[in-house]
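Trainee: Submitted below is the structure of interest, expressed as structure tokens.
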Amino acid sequence: MVIPEETDVFVVGGGPAGLAAALAARQRGFEVCVADRAQPPIDKACGEGLMPDGVAGLRRLGVVLDSGQGMPFHGIRFIGGGQTAEAVFPGESGIGMRRTQLHRILIERAQAAGIVTAWQTQVMGLDPAGVRIGDRIIRCRWIIGADGYLSRIRQWAGMEILWDGGRRIGLRQHFRVKPWSDTVEVHWLQGCQAYVTPVGADQVCVAVLGKVPGMSTTELAIPFPVLAGHLAQAEPIGPVRGSFSASTRLRWVTQGRIALVGDASGSVDAITGEGLALAFRQAEALGAALGAGDLGAYEAMHRRIGRMPLLMSRLLLLMNEREGLRKAALSALAARPHRFSRLLAAHIGARHPAMMTLDALPLALDLFGAWAGEWGAGASIAETAR
């Protein structure tokens with residue numbers, strides 16, 4: 001599609017975050033152009049599970065998903081150290097879907113909405129009038145950077161990363177096997193998790209996040225005995241893809257007429273499963289701010305949107321790093337599935353975050369006991385906490 005000489009909103013980055021931001025701007029009546037140097041559909045190593053709040057966020061942007069486009073899942077199951085804890089969503093289900101399929105759906109919706117998409121097109125820099133592509137200057141009122149963790153728009157605008165929690169490596173592989181659970185399973189090891197998402201009637205996605213010494217890309221499930229049993233006779237599909245996950249925070253996500261969205265605007269470790277849902281909520285907030293002509297409103301809403309995912313990522317990463325805490329947490333969640341479900345509801349925005357305190361306190365007491373136990377005094381404190 002030919003890029004116009006002028007547009008209202010120019011989005012740099014055509015992944016899910018960029019297309020969601022484009023759709024949100026288009027809903028406000030803006031003319032929108034999206035450019036990406038890749039050729040669609042764009043794939044990425046991820047868990048491929050859309051949580052219920054992500055499904056709802058897409059629907060508000062005009063993208064309606066149904067079970068025929070993926071596989072519904074109804075909750076989360078934690079497995080580790082002989083413990084299994086399961087929580088169910090309070091209402092709408094999540095959807096497991098191949099990343100390429102999701103990207104195709106978003107592109108089709110963008111094109112139907114009248115958004116100009118320019119693939120295999122690289123933005124070379126910023127200009128006082130807009131963006132530079134080759135020897136052309138595309139004039140625009142607003143510039144949205146949705147070009148990922150290593151965002152060049154962020155670098156060109158001088159919006160530096162304020163805090164970086166470090167990176168973790170992720171590997172993803174698909175297997176041809178009938179899903180054995182209607183949940184997303186999270187298998188825990190020290191410093192590592194394996195996520196299993198049903199993405200088709202005869203297919204699952206396995207994503208391993210963290211670090212397992214000596215593990216090759218063809219042995220993703222071997223360190224996880226329960227998972228290895230399920231996949232013993234399964235046929236691998238396609239190549240293993242790798243990526244990384246990180247938690248980062250920026251001081252500002254706007255600069256003049258430039259706004260950042262998705263991983264370009266700061267990221268949350270994939271351990272939360274909320275990356276896409278977070279990007280879709282940011283896109284909605286950005287669309288509203290553009291409609292009001294006030295990016296300051298987006299700045300404030302972006303911080304608010306990110307608080308719960310960032311908190312949850314820190315808590316889950318603490319479980320990832322501390323074996324005693326992880327064992328105590330899994331034991332407490334397994335013993336109190338109703339509380340686990342209510343914590344999950346708060347995590348996906350179906351329950352007010354303030355209500356988390358009532359359900360988190362018993363778990364916090366168990367965790368405190370486990371933490372103290374690592375220093376030699378945990379047995380008596382853990383018993384008292386219960």
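Just so we're aligned: 84 in the numbering used here is position 84 of the sequence shown, and the numbers increase by one with no gaps anywhere.
All C-beta atoms, glycine included, are put in the ideal place defined by N, C-alpha and C.
1. Can you tell me whether Leu-162 is buried or exposed? The criterion is at least 16 other CB atoms within 10 Å of its CB, across all chains shown.
2. Note down, one range per segment and in chain order, each alpha helix (DSSP H) of at least 4 residues found wholly within the stretch 151 to 202.
3. Going by DSSP in three states, Asp-294 sits in which element: helix, strand or coil?
4. Below 8 Å on the Cβ atoms is my guess for Gly-57 versus Gly-94; work out the distance and round it to an integer in Å.
5. Across the stretch 285 to 302 and the stretch 31 to 41, are there enough close Cβ pairs to call them in contact, namely three or more that are closer than 8 Å?
6. Cα separation between Val-204 and Arg-176?
7. Counting Cβ pairs, one atom from each stretch, are 3 or more of them under 8 Å apart for the stretch 119 to 130 and the stretch 227 to 245?
8. For the alpha helix (DSSP H) that contains Leu-325, what are its first and last residues?
9. Looking at the secondary structure, which residues open and close the beta strand (DSSP E) in which Gly-145 lies?
10. If we ignore side chains and look at the alpha-carbon of each, how far apart do Leu-61 and Ser-181 end up?
11. For a minimum of 3 consecutive residues, which ranges assigned as the beta strand (DSSP E) are wholly contained in the stretch 245 to 277?
12. Among the candidates Arg-139, Ala-234, Gly-13, whose CA atom is the shortest distance from the CA of Ala-146?
13. Among all the DSSP beta bridges, which residues are the ones paired with Ser-243?
14. What does the Cβ neighbour count give for Phe-244, buried or exposed, with the cut at 16 atoms within 10 Å?
15. What residues in its chain sit with their C-beta under 7 Å from that of Gly-349, if we drop five residues either side in the sequence?
16. One question on the structure: do Leu-343 and Ile-76 come within less than 8 Å of each other, judged by their Cβ atoms?
17. Beta-carbon separation of Gly-306 and Gly-266 under 8 Å?
18. Report the rounded CA-to-CA distance for Asp-8 versus Phe-30, giving the unit in angstroms.
19. From Glu-5, Leu-276, Gly-291, Phe-280, pick the residue whose C-alpha is nearest to that of Asp-135; which is it?
20. Suppose the cutoff is 7 Å on Cβ atoms and the five residues either side in sequence are ignored; what does the same chain contact list for Leu-316 look like?
21. Once the 5 residues before and after Pro-90 are set aside, which same chain residues still bring their CB inside 6 Å of it?
22. Which residues bound the beta strand (DSSP E) around Glu-6?
23. DSSP puts Ile-76 in a beta bridge; with which residues?
24. I'd like the list of long-range same chain contacts for Gly-80, defined as Cβ closer than 6 Å, with 5 residues on each side in sequence excluded.
25. How should Asp-263 be labelled, buried or exposed, when 16 other C-beta atoms within 10 angstroms of its C-beta is the threshold for buried?
26. Leaving aside the five residues before and after Ile-137 along the sequence, list all residues of the same chain whose C-beta is less than 7 Å from its C-beta, in chain order.
27. Between which two residues does the beta strand (DSSP E) containing Asp-36 stretch?
28. Do you know how far the Cα of Ala-259 is from the Cα of Gly-21?
Mentor: Straight from the coordinates:
1. exposed
2. 152 to 157
3. Coil.
4. Not a contact, Cβ separation roughly 12 Å.
5. Put simply, the stretch 285 to 302 does not touch the stretch 31 to 41. Fewer than three CB pairs are less than 8 Å apart.
6. 7 Å
7. no
8. 323 to 335
9. 136 to 145
10. Within the model, the alpha-carbon separation for Leu-61 versus Ser-181 is close to 30 Å.
11. Taking only runs of at least 3 residues, the beta strand (DSSP E) segments lying wholly in the stretch 245 to 277 are 258 to 260.
12. Gly-13
13. Beta bridge pairing from DSSP links Ser-243 with Gly-170.
14. exposed
15. Asp-53
16. no
17. Yes, the pair counts as a contact, with Cβ atoms nearer than the cut-off.
18. Distance from the CA atom of Asp-8 to the CA atom of Phe-30, rounded to whole angstroms, is 6 Å.
19. Glu-5
20. Ile-271, Thr-272
21. Ala-345, Ala-350
22. It spans 6 to 12 - the beta strand (DSSP E) in which Glu-6 sits, taken as one unbroken run.
23. Ala-87, Val-184
24. Closer than 6 Å at the Cβ level, and outside the excluded window around Gly-80, lie Trp-188, Leu-330.
25. buried
26. Asp-127, Ala-129, Gly-130
27. Its beta strand (DSSP E) spans residues 32 to 36.
28. According to the sequence shown, residue 21 is Ala rather than Gly. Cα to Cα, Ala-21 sits roughly 10 Å from Ala-259.
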